[in-house]
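Scroll down for the structure; my scribbles are underneath it.
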Amino acid sequence: MSEDLHHSKDATAEAVQPGDDWAIVASRVSRSFGPRKAVDDVSFQLPNKAFLSIFGPNGAGKTTLLKVLSTLLPMTGKGSASVAGFDVKTQADELRRRLGIISHNPLLYRDLSAEENLLFFAELYCIPNPKERINELLEAVELSHRRYDVVRGFSRGMTQRLSIARALLPKPEVLFLDEPYSGLDPHASDILDSLIGSIRDNHTFVMVSHDLDKGFQLASHALIMSRGQIVLYDECNNIDQGAFKSLYREVVGLGVS
Amino acid sequence: MDNSLPKISSWRQYKALLRKDIAQELRTKEMVTSMGLYGILVLVIYYIALSQTGTEFDVTAIAAGLLLLMIVFTSMLGLNRSLIHEHDQGQLEALLLAPIDRPVIFLAKATTNFLFLAIVQVVVVPLFYLIYVSGALPVLLGDITPGPWWMTAIVLFLGAVGIAGVGTLLATISVNTAGRDFILAVLFIPVMYPLLLVLVTALNAAIMGGPGFEATFWQMCAAAAFYNAVLIAVAYGLYDYILGV
Amino acid sequence: MKDLLIKARDFLQGREIQIAIVLAVIGGILTTIAFVMAFTTANMQYHTTTVNVPSFVHDTRVPLAPPEFQPQPPDGTVNYHNPWFSQKIFYFHVPIAQLSLLVFTLAAIFSVLFLRTKDPNYDLRSRVAMETTLLFTLGTMISGSLWTRASWINSWGELFGTLLSEPRLVTYSVMLMFVVAYFVLRRSVSGEEKRATYSAVFSILAWIIVPFSFIFTRVTNQVQAHPTDALNPGMDTSNLIPFIICIFGMMMLGYAIYTLRVREEKKRAQIEAIKEDIEDALADAAKAGSPTGAPNYSAAAVLGTPKSKEKK
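As given, the protein sequences belong to chains C, G and X, one line each in that order. The opening residue of the first sequence carries number 213 in my numbering; numbering runs sequentially from there. The opening residue of the second sequence carries number 131 in my numbering; numbering runs sequentially from there. The opening residue of the third sequence carries number 5 in my numbering; numbering runs sequentially from there.
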């Protein structure tokens, strides 16, 4: 592995206090069961309004890392992490209110209409004036005309747009995208691109992706994981794309680009 | 910065969860119709199974068991369905990502399961009662005087509470396994064994009547209520662990 | 005295396996001795069996056991009030039954510990305790069935009815259902932590339900055929000695089985971990251009394959 790509790893290991400048501070985050370490001693900081792309082969621990940071899975060991300034372990509820997730799974109820789905999640987040917020969001994702239709009848792209609206309901500060492009046709993926582009400036993003080009196109920061550990973490400006791609290929082990 | 965020109200979340399940059920009518239909089919099977017993056979003696059997089978069907709705699109994950106390999810799910079980029973049980209790020969001839109908209702209520409470926990486990329906049955029967035993005794007392049947009935109801209280408390406590993996 | 205790502790530490093997041998010998004593030195006593007899037994005064279970003594002087065999099986049935409840409780305790710590070692111990429970529950039920047959039922066909009506037998039937369900559940969950968590939750539930099934069977059913005064202090010395020897022997055997199985499973887990390490190391070697000397895994070969396919 090329040494020049590694210089930033040591820098991130230094403890940095969570503050207003950092959207995510992970310090020595681990997640293991017995000898198996899904996430192994991961430390990094992500500034506010940044866009982090996490790359890595299957089973590298990307999704597990997202789940730990989103409080779905408890952390093991002595590490700590905070998202949007709230500790993962002790301030889970506060954290959850500031976090939106867009996954390849729509996380929607298929037998409810678009509006009912959003209304339900709005109630879960105890949003005041849910109707207004929902109108606003349905407008934004261009689904106003389908608001009374059952999600079951939606196309993959429409479902994904609705699930973006769901994620944005509580006005989250941080958005996690777990392979949001998988299963989308080119058109739907363009719409997703422009949607992300329109909210890009006001949110912090963390995206897990297999698609190197897509990941790079949006990202301000890039992270490669392998076997639960960080192989590389840096700002995209400092990264030479060619070297990055060859490193990624090395990590994945096969000629995947 | 925090002041701008609204206060989280568990009650509001609980209501939202209930409304969601009911709206879903009103749209698909999946649980109630499948359970109700299944219950009626079980009645048909009973009719076939008992078609050769002749006039001498006193069906009221086994009516309590038949009724309980019908309820156990229909409710297992319903429990499975109710949790599949939370699972196939990762909806449960979305619930867990919301700022919601985990027990609220359990209580809401158990409540709607109870509600649907109760609705189905209101439809199917009177039918059963007409055929096998009030329509049975010994009752018509006055040899047997069944207890009042509300006694049966109390037993079925206690049964639905226990089945919905503990069953919700078991169905949450089984929905995450390979072979959901089978696993639910394997877990459900031993866990429900004590409850079913006292329920059938209470039902039998309520249907058969006889001297001193009220004492037996209330004893058994107290036992069932005790079981429900303990087991629902345990299920409530353990639910968090099930959701945490 | 203190020095001696510390010395003993130091000696015992790290020798679990040797101790388990020694206990297995001693336990086996003790159980055998108890077995021999039960059939040679122990006297006949009247007080054990037949308390309340279920309705389906016609007449309690009739010796119910089949003749092969109660041979007449050669001199014909002893008048048996109780079937001969039921007295003998008692020495084994009771210790096994006690042990099965003990390991069942142990499984629940380890399950609680697992849920609190998420340490896979507790999951392993809980699982092995469940296996041991299965073994001893089956032992209890088999020996109990023989006893039942010898004491208070007319035919083997009545056995199943007894299993579902007599409180103690119901308890064991339910326990067996639970143990079987526990293993069925384990097999059908994928993901180690999920499997461990679900089975821990279930074994705690099981431990809570089993007493319920005992009490509820008792309150719903008048059948109470199982002898309850088995541990009557009036037990004859010649009976008490093999009984106590058997309890100790069985406990040693139970402990040894449990410890050895835990050890075996731990080793198995270690082997799996090592296998994974080897696979990882091989993959690393492949990526790093095979400095460890595994030519087949060279990076060029791995990276080359998809390209050559593209050309075709």
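The C-beta atom is built at its ideal place from N, Cα and C for all residues, glycine as well. These numbers come from a predicted model, not from an experiment.
With 16 other Cβ atoms within 10 Å as the buried cut-off, status of residue i
{"i": "R191(X)", "result": "exposed"}
{"i": "T36(X)", "result": "exposed"}
{"i": "L260(G)", "result": "exposed"}
{"i": "H357(C)", "result": "exposed"}
{"i": "Q274(X)", "result": "exposed"}
{"i": "F312(G)", "result": "exposed"}
{"i": "S406(C)", "result": "exposed"}
{"i": "T185(G)", "result": "exposed"}
{"i": "H215(G)", "result": "buried"}
{"i": "P237(X)", "result": "Its pLDDT being 46, under 50, P237(X) is placed unreliably in this model, and the value from its coordinates should be taken loosely. Answer is exposed; the Cβ neighbour count stays below 16."}
{"i": "K6(X)", "result": "exposed"}
{"i": "Q22(X)", "result": "exposed"}
{"i": "D252(C)", "result": "buried"}
{"i": "K11(X)", "result": "exposed"}
{"i": "L459(C)", "result": "buried"}
{"i": "A112(X)", "result": "buried"}
{"i": "P318(C)", "result": "buried"}
{"i": "V40(X)", "result": "exposed"}
{"i": "P278(G)", "result": "exposed"}
{"i": "A363(G)", "result": "exposed"}
{"i": "D151(G)", "result": "buried"}
{"i": "G365(C)", "result": "exposed"}
{"i": "G339(X)", "result": "A question about residue 339(X) goes unanswered here, because the residues of chain X that appear run from 5 up to 316."}
{"i": "L189(X)", "result": "buried"}
Through-space distance from residue j to residue i, alpha-carbon basis
{"i": "D390(C)", "j": "Q453(C)", "result": "22 Å"}
{"i": "V330(G)", "j": "D299(C)", "result": "51 Å"}
{"i": "K270(X)", "j": "E20(X)", "result": "13 Å"}
{"i": "F418(C)", "j": "F263(C)", "result": "In the sequence under discussion, the amino acid at residue 418(C) is Val, which differs from the Phe named in the question. Roughly 6 Å between the two C-alpha positions."}
{"i": "L225(G)", "j": "L327(G)", "result": "36 Å"}
{"i": "K159(G)", "j": "R149(G)", "result": "14 Å"}
{"i": "L405(X)", "j": "A24(X)", "result": "Only positions 5 to 316 of chain X appear in this structure, which leaves residue 405(X) out of reach."}
{"i": "V269(G)", "j": "I284(G)", "result": "21 Å"}
{"i": "A193(G)", "j": "I337(G)", "result": "8 Å"}
{"i": "L167(X)", "j": "F218(X)", "result": "12 Å"}
{"i": "P286(C)", "j": "V234(G)", "result": "19 Å"}
{"i": "I274(G)", "j": "A355(G)", "result": "28 Å"}
{"i": "I249(X)", "j": "S169(X)", "result": "32 Å"}
{"i": "L267(G)", "j": "V172(G)", "result": "21 Å"}
{"i": "F252(X)", "j": "R272(X)", "result": "30 Å"}
{"i": "P276(G)", "j": "T175(X)", "result": "32 Å"}
{"i": "S304(G)", "j": "L314(G)", "result": "5 Å"}
{"i": "T109(X)", "j": "L404(C)", "result": "55 Å"}
{"i": "I230(G)", "j": "F332(C)", "result": "13 Å"}
{"i": "V363(C)", "j": "V375(G)", "result": "28 Å"}
{"i": "A38(X)", "j": "Y95(X)", "result": "8 Å"}
{"i": "V296(G)", "j": "A28(X)", "result": "41 Å"}
Secondary structure of residue i, DSSP reduced to three states
{"i": "A250(C)", "result": "strand"}
{"i": "Q17(X)", "result": "coil"}
{"i": "S242(C)", "result": "strand"}
{"i": "A153(G)", "result": "helix"}
{"i": "S375(C)", "result": "helix"}
{"i": "R65(X)", "result": "Low local confidence applies: a pLDDT of 39 at R65(X) is under 50, so the model's placement there is unreliable, with the coordinate-based value given in what follows. If DSSP states are grouped into helix, strand and coil, R65(X) belongs with coil."}
{"i": "S242(X)", "result": "helix"}
{"i": "F203(G)", "result": "helix"}
{"i": "I274(G)", "result": "coil"}
{"i": "T296(X)", "result": "Reliability of the predicted coordinates at T296(X) is poor, the pLDDT of 41 falling under 50, and the value obtained from them is presented with this limitation in mind. If DSSP states are grouped into helix, strand and coil, T296(X) belongs with coil."}
{"i": "I230(G)", "result": "coil"}
{"i": "G308(X)", "result": "Only weak support is given to the placement of G308(X): the predicted model assigns it a pLDDT of 36, under 50, and the question is left unresolved by the model."}
{"i": "S304(G)", "result": "helix"}
{"i": "I113(X)", "result": "helix"}
{"i": "Q441(C)", "result": "strand"}
According to DSSP, residues forming a beta bridge with residue i
{"i": "H433(C)", "result": "L264(C), E447(C)"}
{"i": "Q257(C)", "result": "V237(C)"}
{"i": "M419(C)", "result": "S265(C), L389(C)"}
{"i": "I313(C)", "result": "F388(C)"}
Near the ligand MN: residue i beta-carbon under 6 Å from a heavy atom
{"i": "V363(C)", "result": "Because no ligand of any kind appears in the structure shown, any question about the ligand MN cannot be addressed here."}
(request) Quick one: which unbroken beta strand (DSSP E) runs of 3-plus residues sit fully inside the stretch 285 to 367 of chain C? Chain order, please. (result) 292 to 295, 311 to 315
(message) List, from N- to C-terminal side, the beta strand (DSSP E) runs of 3 residues or more that fit wholly inside the stretch 248 to 288 of chain X.
(response) none
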